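Asker: My questions will all concern the structure given below.
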């Protein structure tokens, strides 16, 4: 790519500024230890439960950071976003706190809980068919009609910087637990905003940490893009229980940042994600959605050799429909 065409990338300073904006707004989620995880893996395992974050996922971090930067004169025109649910809820809550109208374009097959929660937070929801319609086209049209600000789900400097506060916290909390160095960090990935942001934040205090994306099998465009050096696309837009992780191709900003900050990516099956959900419920007493459990699934299924190492695992979201969760727990 020509140097002039390279996108502007977020910096460590952007992550630190995001942390200041999020102070008093986002939850500083804990970093947890559990003896069973250490026993099963032979590693020192640190779990970051973003299921405890505002709206039940990490997405509030990036959404609030981005919306808080919209000039006061433009806020009355509102924001438009597209999402299968977690970004939707994060944007809706950030808009509510900042007094801005929000419209979210969501797939009709998104979990009912995510759609209901988004509406309950005050946002207008526009449903679409993800197999035949383009959410970007629908959202772009609405934004143009209203003069609203588009809030992308991942390919935005301030969204990525907000998500990067996850890594910033992991680094600081690990040191507080007496951990000298985080060797690996496993992070769920769709468009790559959380993974690249987490790497940017974590590398401030643990520069040697290898941060790995984890995606659903068959939807591992990010891992394949990292391996090939070019943007790869998924063949399908549906077909995984991990509804939050089915973006078809990486973003320009996230992939450019990933080439510098990330280690090779991993993929897990839906069944492995379900097993991780059961483990989180049984041992950690946490409710995790399928897409939020893939990083833990990669650890438990041995996708990465971690014996004798320290590994951080991000549980990215817990917004799962009760009927699906009951089926998963029942095996």
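Numbering (our numbering), first residue to last: 71 to 401. Glycine included, every Cβ here is placed at the ideal spot set by N, Cα and C. Note that the structure is a prediction, hence the values are computed from the model and not measured.
(1) Who are residue 114's beta bridge partners in DSSP?
(2) For residue 162, which residues in the same chain have their Cβ closer than 7 Å to its Cβ, ignoring the five residues on either side in sequence?
(3) Would you mind listing the beta strand (DSSP E) stretches within the stretch 129–167 that are 3+ residues and don't spill past its ends, in chain order?
(4) Quick check on this structure: which residue in 337, 343, 213 has the alpha carbon closest to the alpha carbon of residue 152?
(5) Run the CB neighbour count on residue 386, radius 10 Å, all protein chains shown included, and call it buried at 16 or more, exposed below.
(6) Identify whether residue 175 lies in helix, strand or coil by the three-state DSSP scheme.
(7) Check each candidate in 246, 295, 241 and name the one with the smallest Cα separation from residue 269.
(8) Check the C-beta distance from residue 404 over to residue 323 and give it rounded, since I have them as a contact under 8 Å.
(9) Looking at the secondary structure, which residues open and close the beta strand (DSSP E) in which residue 282 lies?
(10) What's the call for residue 72, buried or exposed, on a 16-neighbour Cβ count within 10 Å?
(11) Measuring straight from C-alpha to C-alpha, what distance separates residue 238 and residue 176?
(12) Using the beta-carbon count (16 or more within 10 Å), is residue 272 buried or exposed?
(13) What three-state label does DSSP hand residue 247 in the structure shown?
(14) Excluding sequence positions up to five away, which residues of its chain have a Cβ less than 7 Å from the Cβ of residue 348?
(15) Look at residue 117 and residue 366 and say whether their C-beta atoms are less than 9 Å apart.
(16) Counting pairs of Cβ atoms below 8 Å between the stretch 252–266 and the stretch 280–292, do you hit three or more?
(17) Would you tell me roughly how many angstroms separate the C-alpha atoms of residue 128 and residue 383, rounded to the nearest one?
(18) The beta strand (DSSP E) that contains residue 228, what's its start and end?
(19) Going by the CB atoms, is the gap between residue 263 and residue 132 shorter than 9 Å?
(20) Identify which residue in 381, 84, 343, 342 has its Cα closest to the Cα of residue 249.
(21) Could you spell out the range, first to last residue, of the beta strand (DSSP E) harbouring residue 358?
Answerer: So, to answer that:
(1) By DSSP's assignment, residue 114 forms a beta bridge with 380.
(2) If we look at residue 162 and ignore the five residues flanking it on each side, its Cβ neighbours are 172, 174, 188, 191, 192, 193.
(3) Those beta strand (DSSP E) runs which fall completely within the stretch 129–167 and span 3+ residues are 149–152.
(4) Of 337, 343, 213, the smallest CA-CA separation from residue 152 is found for 213.
(5) Classification of residue 386: buried, given that the 10 Å Cβ count is 16 or more.
(6) Shown here, residue 175 sits in a strand according to DSSP, grouped into three states.
(7) The residue with the shortest Cα to Cα distance from residue 269 is 241.
(8) Past the edges of the chain, shown from 71 to 401, lies residue 404, and the structure says nothing about it.
(9) Start and end: 280–286.
(10) At residue 72, the pLDDT of 45 sits below 50, so the modelled position is not reliable and the matter cannot be decided from this model.
(11) Between residue 238 and residue 176, the alpha-carbon positions lie close to 30 Å from each other.
(12) Buried, because 16 or more other Cβ atoms sit within 10 Å of the Cβ of residue 272.
(13) Correct three-state label for residue 247: coil.
(14) Counting only residues of its own chain and dropping the five nearest sequence neighbours on each side, residue 348 has a CB closer than 7 Å to the CB of 398, 399.
(15) It is a contact, given that the beta carbons lie within the stated cut-off.
(16) Between the stretch 252–266 and the stretch 280–292 there are three or more inter-stretch CB-CB distances shorter than 8 Å, so the stretches are counted as touching.
(17) Going from the Cα of residue 128 to the Cα of residue 383 covers about 13 Å.
(18) Counting along the chain, residue 228 falls outside any beta strand (DSSP E), though it belongs to the alpha helix (DSSP H) covering 227–233.
(19) Taking the C-beta atoms as reference points, residue 263 is found nearer than 9 Å to residue 132.
(20) Of 381, 84, 343, 342, the residue nearest in Cα terms is 381.
(21) First-last for residue 358: undefined, no H or E at that position.
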